[in-house]
Amino acid sequence: MIKRLTANARKPNGFWGKLMIKKMNAGHYKMTAWALKKIKFPDKGIIVDIGCGGGNCVNILSSITNANIVGVDYSALCVKNAIKKNKKAIKDGRVEILQADVVHLPFKSNTIDCAVSVESVYFWNDPDKAFREIKRTLKPGGSLNIICEMIKNEDGTGSHSQIAEFLKLNYYSISELKNIFIRCGFDNVQSYLEKDNGWLLISGTA
Ligand SMILES: C[S@@+](CC[C@H](N)C(=O)[O-])C[C@H]1O[C@@H](n2cnc3c(N)ncnc32)[C@H](O)[C@@H]1O
Numbered sequence: 223m224i225k226r227l228t229a230n231a232r233k234p235n236g237f238w239g240k241l242m243i244k245k246m247n248a249g250h251y252k253m254t255a256w257a258l259k260k261i262k263f264p265d266k267g268i269i270v271d272i273g274c275g276g277g278n279c280v281n282i283l284s285s286i287t288n289a290n291i292v293g294v295d296y297s298a299l300c301v302k303n304a305i306k307k308n309k310k311a312i313k314d315g316r317v318e319i320l321q322a323d324v325v326h327l328p329f330k331s332n333t334i335d336c337a338v339s340v341e342s343v344y345f346w347n348d349p350d351k352a353f354r355e356i357k358r359t360l361k362p363g364g365s366l367n368i369i370c371e372m373i374k375n376e377d378g379t380g381s382h383s384q385i386a387e388f389l390k391l392n393y394y395s396i397s398e399l400k401n402i403f404i405r406c407g408f409d410n411v412q413s414y415l416e417k418d419n420g421w422l423l424i425s426g427t428a
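Sequential numbering of the sequence shown, starting at 223, is according to the numbering used here.
So, in structure tokens, the structure goes:
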């Protein structure tokens, strides 16, 4: 049962996907709130949440910023649930939820002010293609902020090794993530680690 549930983190679908979305919305809340407090968001413009899942982060973003928020996920079930969670803000024209893969974002170049992504980066099969695609959509100076809690130690060990193996995740160390940012053309790459919980925020600007 736990295996079926966990496997649905990659692309939630069906009964187990629905349960996974509930679990993610609750389980990622504290880390998301911690990380969002550290990010300097634009007063207006567009903030994108990539791999938005059940729409938890979109919901917080629409309450703490005045920008328009777009949630993107390649899972149809996540899109449906994120729409449900953000019904009022969608009606008010503040939020939009779109179905798309991170490597083919439905945005014109240089149009996005800020991008965030919570617990999704491990699933991106071609990380360089994904980071370059995000950079294409960001305005110059716009930031990409990756938030995650499964981080490998620099010596290759890590407490999430087994789950990473089981889910075939890209299990990165902080320096590996930094290197992806840098080789994909991001500047000002900085990381913040919340040591008690092992939460990471890593950011770079386009
Ligand atoms: C562990 S969940 C996290 C969901 C949400 N961000 C949260 O914190 O609750 C990972 C999410 O990333 C999405 N995802 C994975 N690979 C993706 C891709 N290539 N393009 C778009 N979304 C992707 C999945 O569908 C899933 O909703």
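Beta carbons: idealized from backbone N, C-alpha and C, even for Gly.
ask   = Taking the alpha-carbon positions, what's the MET242 to ARG316 distance?
value = As a working note, residue 242 is residue 20 in the sequence shown. As a working note, residue 316 is residue 94 in the sequence shown. Across the structure, MET242 and ARG316 are spaced so that their CA atoms are roughly 26 angstroms apart.
Selected residue, minimal CA-CA separation from THR359, among CYS336, GLY273, ASP350 and ASN347 = Sequence index remark: in the sequence shown, residue 359 carries index 137 (1-based). Here the closest residue by C-alpha is CYS336.
Chain-order list of residues whose beta-carbon lies under 7 angstroms from that of ALA255 (same chain, five-residue window excluded) = Within the sequence shown, numbered from 1, the residue matching residue 255 stands at position 33. Excluding residues within five positions, the ones whose Cβ falls inside 7 angstroms are ILE282.
request  = Give the DSSP-derived three-state secondary structure of ILE261 in the structure shown.
outcome  = Within the sequence shown, the letter at position 39 stands for residue 261. Judged by DSSP in its simplified three-state form, ILE261 adopts coil rather than helix or strand.
request  = Compute the Euclidean distance between the alpha carbons of ASN332 and LYS361, then round it to the nearest angstrom.
outcome  = Sequence index remark: in the sequence shown, residue 332 carries index 110 (1-based). Sequence index remark: in the sequence shown, residue 361 carries index 139 (1-based). In a straight line, the C-alpha of ASN332 is about 4 angstroms away from that of LYS361.
message = Quick check on the burial criterion: 16 or more other C-beta atoms within 10 angstroms. Buried or exposed for ASN419?
response = Working through the sequence shown from its first residue, we reach residue 419 at position 197. Classification of ASN419: exposed, given that the 10 Å Cβ count is below 16.
Unbroken beta strand (DSSP E) run spanning CYS370, endpoints = Counting from 1 along the sequence shown, the entry for residue 370 is found at position 148. Where CYS370 is concerned, the enclosing beta strand (DSSP E) stretches over 360 to 370.
inquiry  = Please classify LEU415 as buried or exposed, where buried requires at least 16 other C-beta atoms within 10 Å of its C-beta.
reply    = In the sequence shown, the residue the question calls residue 415 occupies position 193. Flag for LEU415 reads exposed.
request  = Keeping to the same chain, check which residues put their C-beta closer than 8 angstroms to that of LYS306; ignore five residues upstream and five downstream.
outcome  = Within the sequence shown, residue 306 is the residue found at index 84, counting from 1. Within the same chain, LYS306 has close Cβ partners GLY277.
query = Which class does LEU389 belong to by DSSP, given the choice of helix, strand or coil?
reply = Indexing the sequence shown from 1 puts residue 389 at position 167. Residue state, collapsed to three classes: helix.
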